[in-house]
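Protein chains in written order, with our numbering: chain A, 1 to 85; chain B, 101 to 185; chain C, 201 to 285; chain D, 301 to 390; chain E, 401 to 490; chain F, 501 to 590. Everything below concerns the one structure shown next.
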Amino acid sequence: MASKGAPSAADREQIFGMAQQEMEYRVDLFNKLTQTCFDKCVERKYKEADLNVGENSCIDRCVAKYWQVTGIVGQMLGSNRPPMG
Amino acid sequence: MASKGAPSAADREQIFGMAQQEMEYRVDLFNKLTQTCFDKCVERKYKEADLNVGENSCIDRCVAKYWQVTGIVGQMLGSNRPPMG
Amino acid sequence: MASKGAPSAADREQIFGMAQQEMEYRVDLFNKLTQTCFDKCVERKYKEADLNVGENSCIDRCVAKYWQVTGIVGQMLGSNRPPMG
Amino acid sequence: MEAADFEALPEEDKHRMSTMIDHLQVRDSLKMYNSLVERCFCHCVESFRRKTLDKQEETCVKRCAEKYLKHSMRVSMRFAELNQGAPTSD
Amino acid sequence: MEAADFEALPEEDKHRMSTMIDHLQVRDSLKMYNSLVERCFCHCVESFRRKTLDKQEETCVKRCAEKYLKHSMRVSMRFAELNQGAPTSD
Amino acid sequence: MEAADFEALPEEDKHRMSTMIDHLQVRDSLKMYNSLVERCFCHCVESFRRKTLDKQEETCVKRCAEKYLKHSMRVSMRFAELNQGAPTSD
Numbered sequence: 001m002a003s004k005g006a007p008s009a010a011d012r013e014q015i016f017g018m019a020q021q022e023m024e025y026r027v028d029l030f031n032k033l034t035q036t037c038f039d040k041c042v043e044r045k046y047k048e049a050d051l052n053v054g055e056n057s058c059i060d061r062c063v064a065k066y067w068q069v070t071g072i073v074g075q076m077l078g079s080n081r082p083p084m085g
Numbered sequence: 101m102a103s104k105g106a107p108s109a110a111d112r113e114q115i116f117g118m119a120q121q122e123m124e125y126r127v128d129l130f131n132k133l134t135q136t137c138f139d140k141c142v143e144r145k146y147k148e149a150d151l152n153v154g155e156n157s158c159i160d161r162c163v164a165k166y167w168q169v170t171g172i173v174g175q176m177l178g179s180n181r182p183p184m185g
Numbered sequence: 201m202a203s204k205g206a207p208s209a210a211d212r213e214q215i216f217g218m219a220q221q222e223m224e225y226r227v228d229l230f231n232k233l234t235q236t237c238f239d240k241c242v243e244r245k246y247k248e249a250d251l252n253v254g255e256n257s258c259i260d261r262c263v264a265k266y267w268q269v270t271g272i273v274g275q276m277l278g279s280n281r282p283p284m285g
Numbered sequence: 301m302e303a304a305d306f307e308a309l310p311e312e313d314k315h316r317m318s319t320m321i322d323h324l325q326v327r328d329s330l331k332m333y334n335s336l337v338e339r340c341f342c343h344c345v346e347s348f349r350r351k352t353l354d355k356q357e358e359t360c361v362k363r364c365a366e367k368y369l370k371h372s373m374r375v376s377m378r379f380a381e382l383n384q385g386a387p388t389s390d
Numbered sequence: 401m402e403a404a405d406f407e408a409l410p411e412e413d414k415h416r417m418s419t420m421i422d423h424l425q426v427r428d429s430l431k432m433y434n435s436l437v438e439r440c441f442c443h444c445v446e447s448f449r450r451k452t453l454d455k456q457e458e459t460c461v462k463r464c465a466e467k468y469l470k471h472s473m474r475v476s477m478r479f480a481e482l483n484q485g486a487p488t489s490d
Numbered sequence: 501m502e503a504a505d506f507e508a509l510p511e512e513d514k515h516r517m518s519t520m521i522d523h524l525q526v527r528d529s530l531k532m533y534n535s536l537v538e539r540c541f542c543h544c545v546e547s548f549r550r551k552t553l554d555k556q557e558e559t560c561v562k563r564c565a566e567k568y569l570k571h572s573m574r575v576s577m578r579f580a581e582l583n584q585g586a587p588t589s590d
């Protein structure tokens, strides 16, 4: 690092690359979660265009449980904080 | 923009980035369409290496219908022209 | 190419791009293989956290057979050496 | 990624970072669009005896797409709350 | 992306653009190759009592791969027609 | 990609190449993490009447994740052997 804490070009590349990977990871997680909870919660009959009460609460719980699973797996992989914290 | 319509470096980056995203989008669409129509139309017995008449016409219709679905969804998302038009 | 075999900037880009694509291809292949063989070989009851003898030998054979399939398809696509050989 | 890391970056990098984020968001929404189409097509279109959607298929696709979008927005809100460590109740 | 946008680009960018397109095409065909292998493996290989493919599995894989390639080419033609706004008949 | 190609590259490119490989490896492990979570969630969580995992679901997720990791390591070893052209016996 240069003095006064200004990051060097290489450090900047590093920070930049890490940020990009974290973003890509989050997007991937969000997409998988969205598709999985759609399959688990939304009825395939498509009788109407709105989500009903049952579907909505199923979605909320599905997201919460999915989140817990990422936490459990993150801990198992040896970091107290999963990649996305 | 510079005079005489020559795009600036930033504009060029922008155009370039947009073109790349459109390409990636089309490739992704094509791949999903190909896999979906394969699953819907091609028999899994693999008795021969050629597509039969029924499979071929199923594929044509599958592609046409898939295309219409992209159009309907594109309109719903608020652009008259879906991203790939 | 410049004299003494030092690659030009364009050649270097080319080599670099090819290496990146080959890496991405291998990662994609490895991921698909891993998921496919998990689905084919590992029991979903999760009675214990260890792979049993049957699962382990199934995995070994699954990987070997998957590898052969990549070889057969690679040959069909007209190169004696599949992309990753 | 700590907030501090970002602060240490010069202006041009902050700009580059926000360009990257924009880029990923566009890519993300195009991907979402593609998986929505794939899913609703798979769920709604079963017959290939004609090459145009019939009325029933079209209605199914529209409802499916609308549901998917609403679902996706709801997931997005819940996801943001969890990312910010919101307390959860059963 | 309008054609005009491309025309406005200097030569070096046109070159860069065509390099990108080549790059994406190679990547695309490698992805296609990977999903073909995955699909044909899943459809044709069910038993794991030996570590080499038996004759029947091998035949199945070959036919499946050939069919997939033909299918992919057909989809590609239809897709190109639709992209160019070709009229469709039922 | 022949080894010779790499040797011809100047030092800065070798550095760039190894940075790229590191980058892809991190991305790869994040992807693996995501598909592990997806798979174990799908296999273990069936009920959405509460918003927290019950004891049974949690146990299932942990075993599933552990099995997936062991599986992935085993595949990785076999894959490396095949890449190096190791002889295979039935």
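Backbone N, C-alpha and C define an ideal beta-carbon position, used for all residues, glycine too.
Backbone CA spacing between residue 40(A) and residue 354(D) [nearest angstrom]
As a first step, residue 40(A) is located in the first sequence; it is residue number 40 there, counting from the start. As a first step, residue 354(D) is located in the fourth sequence; it is residue number 54 there, counting from the start. If you take the alpha carbons of residue 40(A) and residue 354(D), they lie about 27 Å apart.
What are the boundary residues of the alpha helix (DSSP H) that residue 533(F) is part of?
As a first step, residue 533(F) must be located in the sixth sequence, where it is residue number 33. Segment 511-544, the alpha helix (DSSP H) holding residue 533(F).
Secondary structure at residue 484(E), three-state DSSP: helix, strand or coil?
As a working note, residue 484(E) is residue 84 in the fifth sequence. Coil, per DSSP.
Any Cβ of chain E within less than 8 Å of the Cβ of residue 261(C)?
Counting from 1 along the third sequence, the entry for residue 261(C) is found at position 61. Interface residue, yes.
Using the beta-carbon count (16 or more within 10 Å), is residue 170(B) buried or exposed?
Position 70 of the second sequence, counted from the start, is the residue given in the question as residue 170(B). The residue in question, residue 170(B), is buried, as its Cβ has 16 or more Cβ neighbours within 10 Å.
Suppose you measure from the CA of residue 535(F) to the CA of residue 237(C); what does that come to, to the nearest Å?
The count along the sixth sequence starts at 1 and reaches residue 535(F) at position 35. The count along the third sequence starts at 1 and reaches residue 237(C) at position 37. As the crow flies, the alpha-carbon of residue 535(F) is around 14 Å from that of residue 237(C).
Give the secondary structure of residue 256(C) by DSSP, where H, G and I count as helix, E and B as strand, and everything else as coil.
Translated into positions along the third sequence, residue 256(C) becomes position 56. Looking at residue 256(C) - three-state DSSP - the assignment turns out to be helix.
Would you mind stating whether residue 378(D) and residue 28(A) have Cβ atoms separated by less than 8 Å?
Within the fourth sequence, residue 378(D) is the residue found at index 78, counting from 1. Within the first sequence, residue 28(A) is the residue found at index 28, counting from 1. Against a cut-off of 8 Å, the Cβ pair of residue 28(A) and residue 378(D) comes out as no contact.
Are the Cβ atoms of residue 153(B) and residue 133(B) separated by less than 8 Å?
Counted from its first residue, the second sequence places residue 153(B) at position 53. Counted from its first residue, the second sequence places residue 133(B) at position 33. Not a contact, by the Cβ cut-off of 8 Å.
Give a yes or no on contact between the segment 219-226 of chain C and the segment 363-376 of chain D, applying the rule of three or more CB pairs nearer than 8 Å.
no
Please confirm if residue 591(F) has its CB atom under 8 Å from at least one CB of chain C.
In the structure as shown, chain F starts at 501 and stops at 590, and residue 591(F) therefore has no counterpart that could be examined.
Please classify residue 550(F): is it buried, with 16 or more other beta-carbons within 10 angstroms of its beta-carbon, or exposed?
Position 50 of the sixth sequence, counted from the first residue, corresponds to residue 550(F). Burial call: exposed.
Whose Cβ in chain A lies nearer than 9 Å to the Cβ of residue 329(D)?
Numbered from 1 along the fourth sequence, position 29 holds the residue referred to as residue 329(D). In chain order: nothing, as chain A lies at least about 10 Å away.
Backbone secondary structure at residue 554(F) - three-state DSSP:
Residue 554(F) sits at position 54 when you count from the first residue of the sixth sequence. It is coil, neither helix nor strand.
Quick check on residue 338(D) - is its C-beta less than 8 Å from some C-beta in chain B?
Locating residue 338(D) in the fourth sequence gives position 38, where the first residue counts as 1. Residue 338(D) counts as touching chain B.
Going along the chain, which residues of the segment 113-129 of chain B sit with their C-beta nearer than 9 Å to a C-beta in chain E?
115, 116, 118, 119, 120, 122, 123, 124, 126, 127, 129
Which residue wins for smallest C-alpha separation from residue 359(D), given the options 56(A), 47(A), 51(A)?
Translated into positions along the fourth sequence, residue 359(D) becomes position 59. For the residues 56(A), 47(A), 51(A), the minimum Cα distance to residue 359(D) belongs to 47(A).
With a 10 Å radius around its C-beta and 16 neighbouring C-beta atoms as the bar for buried, classify residue 485(E) as buried or exposed.
For the purposes of this step, residue 485(E) is taken as residue 85 along the fifth sequence, with counting starting at 1. It is exposed - the Cβ of residue 485(E) has fewer than 16 other Cβ atoms within 10 Å.
May I have the straight-line CA-CA distance separating residue 339(D) from residue 173(B), to the nearest angstrom?
By one-based count along the fourth sequence, residue 339(D) stands at place 39. By one-based count along the second sequence, residue 173(B) stands at place 73. When rounded, the distance between both Cα atoms is 12 Å.
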